[in-house]
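To start, the structure under review is shown below, and the notes come after it.
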């Protein structure tokens, strides 16, 4: 029974990593139909919201205590300043850079957590961790160089990188805030309600920035948005949560190293993105650096 549970947990973890990584592919495919980032994000979140609310209700039923007013403030803050902002900056950045480079930059979030913890929480950075950091960012430099050889405008690539790196910073802060409350409130409720607030804020942003007529999109946009919600948003959230329950956070986090590889492959297969030696070397260096940090002994 234990082996079966472990096998299912590993399957869930891999499926979740693939689902999260495939989001960039779906966004790039949607952009081919001329949709803007605000409308696409709103559609993705509109399809996701009912599922997140359901997950929150189910999580609350099994919780020992109801959420307090302070807890709701935390949920709103995590949703708006973490998950919503990370999603929006990511969607904006994908208009300028390849899906493979986007996934590599997002994959840097553990390095951001490390640096923020050192700057504001007084956690030291060891020589091993400093070496891993240098390896990660050198790898990103190689990957950016690959995109620069393909792009007509270097400024577009730089802008896309800055936007997606801002997304990684926002997501890293979201995870740090999430960790502050998840032990007390439970991961299911925190994830579900914080994500629900992010959905509501995305819909409010659309209402402020775009006319209602902007929802008149080709059926392909609705299909891609629904796929994004089911297979790259809600589905992976549940799969990773179940995988952590069976395997623990450590092994599940390591399956995330599949993300850049999956995105690189599907970017080549479905988007026609070229793969170069510099990009492959950069991806290898980033993955190696992140794995080194993940396996470093905790103090």
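Numbering (full-length UniProt numbering), first residue to last: 1 to 299.
From the three backbone atoms N, C-alpha and C, an ideal C-beta is built for every residue, glycine too.
Cβ-Cβ separation, residue j to residue i (assumed contact under 8 Å), whole Å
i           : j           : result
residue 90  : residue 106 : 7 Å
residue 167 : residue 86  : 5 Å
residue 224 : residue 45  : Not really, about 14 Å apart at Cβ, beyond 8 Å.
residue 132 : residue 289 : 4 Å
residue 222 : residue 55  : That pair is no contact at about 23 Å.
residue 139 : residue 285 : 3 Å
residue 230 : residue 59  : Contact flag wrong, Cβ pair sits at about 19 Å.
residue 19  : residue 185 : Not really, about 25 Å apart at Cβ, beyond 8 Å.
residue 97  : residue 161 : 6 Å
residue 201 : residue 84  : 5 Å
residue 17  : residue 258 : 5 Å
residue 49  : residue 177 : About 21 Å; that fails the 8 Å criterion.
residue 234 : residue 52  : 7 Å
residue 92  : residue 228 : So it is not a contact: roughly 16 Å between Cβ atoms.
residue 157 : residue 144 : 7 Å
Buried versus exposed, by CB contacts within 10 Å (16 or more), residue i
i           : result
residue 102 : buried
residue 33  : exposed
residue 149 : exposed
residue 180 : exposed
residue 6   : exposed
residue 136 : buried
residue 277 : exposed
residue 57  : exposed
residue 73  : exposed
residue 236 : buried
residue 94  : buried
residue 302 : Residue 302 falls outside the range modelled here, since the chain spans only 1 to 299, and no answer is possible.
residue 9   : buried
residue 65  : exposed
residue 110 : buried
residue 260 : buried
residue 175 : buried
residue 295 : exposed
residue 100 : buried
residue 212 : exposed
residue 247 : buried
residue 120 : exposed
residue 287 : buried
residue 155 : exposed
residue 232 : buried
residue 170 : buried
residue 88  : buried
residue 39  : buried
residue 122 : exposed
residue 256 : buried
residue 134 : exposed
is_contact[residue i, chain B] using C-beta, thresh 8 Å
i          : result
residue 19 : As a matter of chain content, chain B is missing from the structure shown, which is built from one protein chain.
Residue i: CB within 7 Å of a non-hydrogen atom of the ligand COA
i           : result
residue 139 : In the structure shown, the ligand COA is absent, as is every other ligand, since no ligand is present at all.
Which ranges would you report for the alpha helix (DSSP H) in the UniProt domain "EamA" (159-293) if only whole runs of at least 4 residues count? 187-209, 219-229, 235-247, 249-255, 258-271
Mind the definition here: the segment 110-119 touches the segment 183-195 only if three or more C-beta pairs lie below 8 Å; say whether that holds. no
Indicate whether the contact test is met: 3 or more Cβ pairs, each with one atom in the segment 11-21 and one in the segment 242-252, closer than 8 Å. With the rule of 3 Cβ pairs closer than 8 Å, the segment 11-21 counts as touching the segment 242-252.
Taking contact to mean 3 or more Cβ pairs, one atom from each stretch, closer than 8 Å, check whether the segment 213-231 and the segment 34-49 are in contact. Judged by Cβ distances under 8 Å, the segment 213-231 makes contact with the segment 34-49, as three or more pairs qualify.
Could you say if the segment 266-276 and the segment 121-130 meet the contact criterion of at least three C-beta pairs nearer than 8 Å? no
Kindly confirm or deny that the segment 252-266 and the segment 278-292 touch, where touching means at least three C-beta pairs closer than 8 Å. yes
Scan the segment 63-142 and note each continuous alpha helix (DSSP H) run of 4 residues or more that stays entirely inside, going in chain order. 69-77, 85-93, 99-106, 109-120
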